[in-house]
Amino acid sequence: LPICSEKESTVLKKKLSKDFPKLEVFSFKELYPQLKQMQSMMDVFNGITFSIVMIVVFIGILGVMYVSILDRIREFGILLSVGYAYRYIRLQIITESLFLGLSGYVLGTILGLVILNYLKHYGLNLTMFAEGMESFGMDPVIYATSKSSYFISTFFAILFASLFSVWLPLRKIKKLNPVEVIRSIG
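Following this line, the structure appears as structure tokens:
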């Protein structure tokens, strides 16, 4: 019987044991304890993969923002020299970074949900490995599941990466000497 959660599995096991007292009912984890260890390893692997992806996202946003700021360093110098407050420049750069990160998050989430929806309905067909999968009691067609926590943690990781990645470029602007910027123009 396909069961989605451990809680459902426990409830079903109790119900079947009660309805069929002569039968011995086992949960999937009791039948295949090595799968619990494999699941723990997969959780660690997923955490490492998620961390690597977030580092790449951070470096990507940092690179884009740093180049963007270097290209406009004269603009910022002129704005500062005519009395434009640093906090408005900082707000503009943070807004740009958030827009970049969150628009990528939204597009990625939409694409991810489309793929997840397809895999929930049609599954990933691994019939070429059917014999090995069936020896573990697994169906050769794997259907996707998702948790809202995946999307929430990704949202906050992208938000953090977007905000933290502007720190270095903002320091460069803060140290900017408007007089030297104006001299370099002429």
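Remember, the working numbering sits 396 above the position in the sequence shown when you count from 1. We put the beta carbon where it would ideally sit given N, CA and C, even for glycine.
Rounded to the nearest whole angstrom, the C-alpha separation of Val460 and Gln430 is 45 Å. In the DSSP assignment, Pro429 falls within the alpha helix (DSSP H) that extends over Pro429 to Asp467. For the pair of segments examined, the region 463 to 473 was found to touch the region 567 to 578: the number of CB pairs separated by less than 8 Å reaches three.
In this structure Tyr482 does not touch Lys571 by the C-beta definition: roughly 11 Å separates them, more than the 8 Å allowed. Residue Leu487 holds the alpha-carbon nearest to the alpha-carbon of Leu566 among Phe422, Leu487 and Phe525. The region 423 to 437 and the region 403 to 412 touch, with no fewer than 3 CB-CB distances between them shorter than 8 Å. In the displayed model, Leu512 falls within a helix according to three-state DSSP. Here Leu520 is bridged, per DSSP, to Ile538. By the neighbour-count criterion, in which 16 or more other beta carbons inside 10 Å mark a residue as buried, Leu509 falls on the exposed side.
In this structure, Val453 sits away from Ile548, with a CB-CB distance that is not shorter than 8 Å.
DSSP places Glu420 outside both helix and strand once states are collapsed to three, so it counts as coil. DSSP places Ser561 in the coil class of the three-state scheme, outside both helix and strand. If you draw a straight line from the Cα of Leu494 to the Cα of Gly528, it comes to about 46 Å.
Comparing alpha carbon positions, the residue from Ile457, Lys432, Phe551 and Lys414 closest to Leu564 is Ile457. Leu512 sits close to Ser542, with the two beta carbons spaced by under 8 Å. For Gly519, the closest C-alpha among the options Leu466, Ser436 and Ile538 is that of Ile538.
When C-alpha distances from Leu503 are compared across Ile455, Pro417 and Thr550, the shortest belongs to Thr550. Minimum Cα-Cα distance from Leu427 among the listed residues Thr491, Ser531 and Gly500 corresponds to Ser531. For Ala526, the uninterrupted alpha helix (DSSP H) segment begins and ends at Ala526 to Ser531.
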